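Colleague:
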Amino acid sequence: MSALQNLALEQNRLSGTLPSDLGHGMPSIEKINCAYNQMSGFIPASISNSSRLRGLDLGDNRFTGPIPESLGNLEYLEMLNLQWNDFSSDSAMSFLTSLTNCRKLRVLSFAENPLDGVFPASVGNFSAMQIFEGQGCKLKGVIPEEIGNLTGMTRMSPQNNELAGHIPKTVQDMLILQELYLYGNKIEGTIPNVICNLKSLGALDLSGNHFSGSVPPCLGNVTSLRNLYLAYNRLNSRLPTSLGSLKDLMEFNVSSNLLSGHIPLEIENLKAATLIDLSNNNFSGKISNTLGGLDKLIKLSLAHNILNGPIPDSFGKMLALEVLDLSFNNLSGEIPKSLEALINLKYLTSHSINSVERFPLEVLLQIPHVNLSCSMMLFVAILSFMCHHVSSNLLRGQRGKKQSRLCMSFWEWACYFLH
0 MSALQNLALE QNRLSGTLPS DLGHGMPSIE KINCAYNQMS GFIPASISNS
50 SRLRGLDLGD NRFTGPIPES LGNLEYLEML NLQWNDFSSD SAMSFLTSLT
100 NCRKLRVLSF AENPLDGVFP ASVGNFSAMQ IFEGQGCKLK GVIPEEIGNL
150 TGMTRMSPQN NELAGHIPKT VQDMLILQEL YLYGNKIEGT IPNVICNLKS
200 LGALDLSGNH FSGSVPPCLG NVTSLRNLYL AYNRLNSRLP TSLGSLKDLM
250 EFNVSSNLLS GHIPLEIENL KAATLIDLSN NNFSGKISNT LGGLDKLIKL
300 SLAHNILNGP IPDSFGKMLA LEVLDLSFNN LSGEIPKSLE ALINLKYLTS
350 HSINSVERFP LEVLLQIPHV NLSCSMMLFV AILSFMCHHV SSNLLRGQRG
400 KKQSRLCMSF WEWACYFLH
């Protein structure tokens, strides 16, 4: 097999180990792909003798042991995928430092391995790196300032780790970065304004960290953004009106923060949005009727805020809507009959609405998951409609009189006997 250049064995049910003399037996090999199998054991040290190797894909197997530093001897290596195995590393993650010798390495993934090491500053020496994936590896330490040297990087995703500290200001030097995923770490401080200098950024996910302060108004200048996730942090203040400039934004999630004030009217400009989640904040005031113009929305959640007033009749124009969650607010008035036009609606919840008079019950039949407030007016009707889930709340009956609260166990008991 001395002349073999490409070995493609991916997506089979292969088991066993890699041959210990792998590097000696295939001196001309350029690509090895054993991904999506059930292989185990170590990466043989002899692989460093495959001096022409350009691509090595061992992802989604059961390999164990340390990632060998000898991989750094593969001077032509362009792609290395070791994700979803059981590899280990020393605390300094020396294998990463050794891989910086691979001057042509463009794609590197060691995601979902229990490496349990400190993110080394040496990552700044990956001169050709474009895609770097290190999620779910128990990485510790801080994001090194040296990442600013990665000027060719397009995707960086060290999410779901234990990284702390701040986002370094040098991130602004990654000028062609398109995707930055840092969610699920322990990063703190404010979101730095320098992120707004990344004019090619299409996806930014900072969810599940310890960020505080305000949402930077300058994010409205990053018009390349398609996905913006800032959920589960400690962001406060008001949502900047400048975000209305993100006319190509498709998914926007700032749920579970401490944001307050009115929902900016400029949100109506997010015409491309399919998901908007502002839930679990302290937004107040009325819901603007102009939100109904977001006709591409599939999910809209405004739950767990302090919103008041009626549900806008214009919501009936959001024909793509599948999930509408307005629960746990102070909304009042009737549920608009216009919602019967939402033929794609799969989930409707509206706890803490003070009246549901004349709500068209035929609409309930079309919605798989209805979570309305507990109303005696709807008692018999809802039970007959396959016992849609009804949670306890205080609503008005047909004659405008408030009915007493009914605990959930009563509804469950009633449904039991209905069946």
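Note that numbering that gives the first Met the number 0 gives residue 320 to position 321 of the sequence shown, counting from 1, and the numbers run on in steps of one.
Note that the Cβ used here is the ideal one computed from N, Cα and C, for glycine as well.
Nothing here was measured: the structure is a model prediction, and the numbers come from that model.
Do you know whose CA, among C136, L174, Q171, L257, lies nearest L162's CA?
Modeller: C136
Colleague: Do the segment 169-185 and the segment 210-219 touch if we need at least three Cβ pairs shorter than 8 Å?
Modeller: no
Colleague: Have a look at L338, S259, E267 and flag the residue whose alpha-carbon is nearest the alpha-carbon of G464.
Modeller: There is simply no residue 464 to check, as the chain begins at 0 and stops at 418 in what is shown.
Colleague: Counting C-beta neighbours from all protein chains within 10 Å, is the total for G219 16 or more, i.e. buried, or is it exposed?
Modeller: G219 comes out buried.
Colleague: I334: which of L290, F314, E145 sits nearest, CA to CA?
Modeller: F314
Colleague: With a 10 Å radius around its C-beta and 16 neighbouring C-beta atoms as the bar for buried, classify N84 as buried or exposed.
Modeller: buried
Colleague: Note the first and the last residue of the continuous beta strand (DSSP E) segment covering F210.
Modeller: 209-212
Colleague: Please name the residue, chosen from E250, S241, S244, that lies closest to Y423 on a Cα-to-Cα basis.
Modeller: The structure shown does not extend to residue 423, since the chain is modelled only from 0 through 418, so no value can be given for it.
Colleague: Can you tell me the Cα-Cα spacing of H388 and L264, whole angstroms?
Modeller: The predicted model places H388 with a pLDDT of 36, which falls under 50 and marks its position as unreliable; any figure quoted below should be read in that light. The straight-line gap from Cα to Cα measures roughly 33 Å.
Colleague: Take L296 and list the residues in its own chain whose beta-carbon comes closer than 7 Å to its own, dropping the five residues that flank it on each side.
Modeller: So the qualifying residues of the chain are A272, T273, I275, M317, A319, L320.
Colleague: Kindly give me the distance between the Cβ atoms of F131 and T99, rounded to whole angstroms, as I take these residues to be in contact under 8 Å.
Modeller: With 8 Å as the limit, F131 and T99 do not qualify as a contact, their Cβ atoms being about 12 Å apart.
Colleague: Nearest by alpha-carbon distance to I46: which of N268, N148, L344, L70 is it?
Modeller: L70
Colleague: Beta carbon of L325, beta carbon of L293: below 9 Å?
Modeller: no
Colleague: Please report the distance separating the alpha-carbon of G147 from that of P191.
Modeller: 14 Å
Colleague: Would you mind working out which of S50, E267, L138, D204 sits nearest G243, comparing C-alpha positions?
Modeller: E267
Colleague: Rounded to whole angstroms, how far is the Cβ of M38 from the Cβ of G58, which I believe are closer than 8 Å?
Modeller: Wrong, their Cβ atoms sit about 11 Å apart, outside the cutoff.
Colleague: Classify K298: buried if its beta carbon has 16 or more other beta carbons within 10 angstroms, exposed otherwise.
Modeller: Per the 10 Å Cβ criterion, buried.
Colleague: DSSP state of I130, grouped into three classes?
Modeller: Per DSSP, reduced to three states, the secondary structure at I130 is strand.
Colleague: Just tell me which of G201, L138, V322, L330 has its CA closest to the CA of I342.
Modeller: The residue from G201, L138, V322, L330 with its alpha-carbon nearest to that of I342 is V322.
Colleague: Excluding sequence positions up to five away, which residues of its chain have a Cβ less than 6 Å from the Cβ of S241?
Modeller: P216, G219
Colleague: Q158: buried (16+ other C-beta within 10 angstroms of its C-beta) or exposed?
Modeller: buried
Colleague: Span of the beta strand (DSSP E) holding H23?
Modeller: Taken as a continuous stretch (DSSP letters only), H23 belongs to no beta strand (DSSP E), being part of the alpha helix (DSSP H) at 21-24.
Colleague: How many angstroms separate the CA atom of K246 from the CA atom of C33?
Modeller: 42 Å
Colleague: Hey, quick one: how far does the beta strand (DSSP E) through T348 stretch, first residue to last?
Modeller: 346-348
Colleague: Can you pull the DSSP bridge partners for H261?
Modeller: Answer is S283, bridged to H261.
Colleague: Just confirm the distance between the C-beta atoms of L55 and L76, as a whole number of angstroms; I'd bet it's less than 8 Å.
Modeller: 7 Å
Colleague: So, are the CB atoms of E145 and A127 less than 9 Å apart?
Modeller: no
Colleague: According to the Cβ coordinates, are I31 and L13 closer than 9 Å?
Modeller: Taking 9 Å as the cut-off, the beta carbon of I31 is found no closer than this to the beta carbon of L13.
Colleague: Would you list the residues sitting across from E178 in a DSSP beta bridge?
Modeller: For E178, which the question treats as bridged, DSSP gives the partners R154, A202.
Colleague: If you drop the 5 nearest sequence neighbours on each side, which residues of the same chain put their C-beta closer than 8 Å to that of S211?
Modeller: E187, G188, T189, N232, R233, L234, N235
Colleague: Is the beta carbon of S27 closer than 9 Å to that of P43?
Modeller: no
Colleague: On the three-state DSSP scale, how would you describe F109?
Modeller: coil
Colleague: Select from Q4, L6, N48, N11 the residue whose C-alpha is nearest the C-alpha of G22.
Modeller: N48 is the residue among Q4, L6, N48, N11 whose C-alpha sits nearest the C-alpha of G22.
Colleague: May I ask you to report which of helix, strand or coil DSSP gives P216?
Modeller: DSSP places P216 in helix when its eight states are reduced to three.
Colleague: Is it buried or exposed for N281, if we count other Cβ within 10 angstroms and need 16 for buried?
Modeller: exposed
Colleague: Specify, as a first and last residue, the run of the beta strand (DSSP E) that L98 falls within.
Modeller: For L98, no beta strand (DSSP E) segment is defined; the enclosing uninterrupted segment is the alpha helix (DSSP H) at 93-98.
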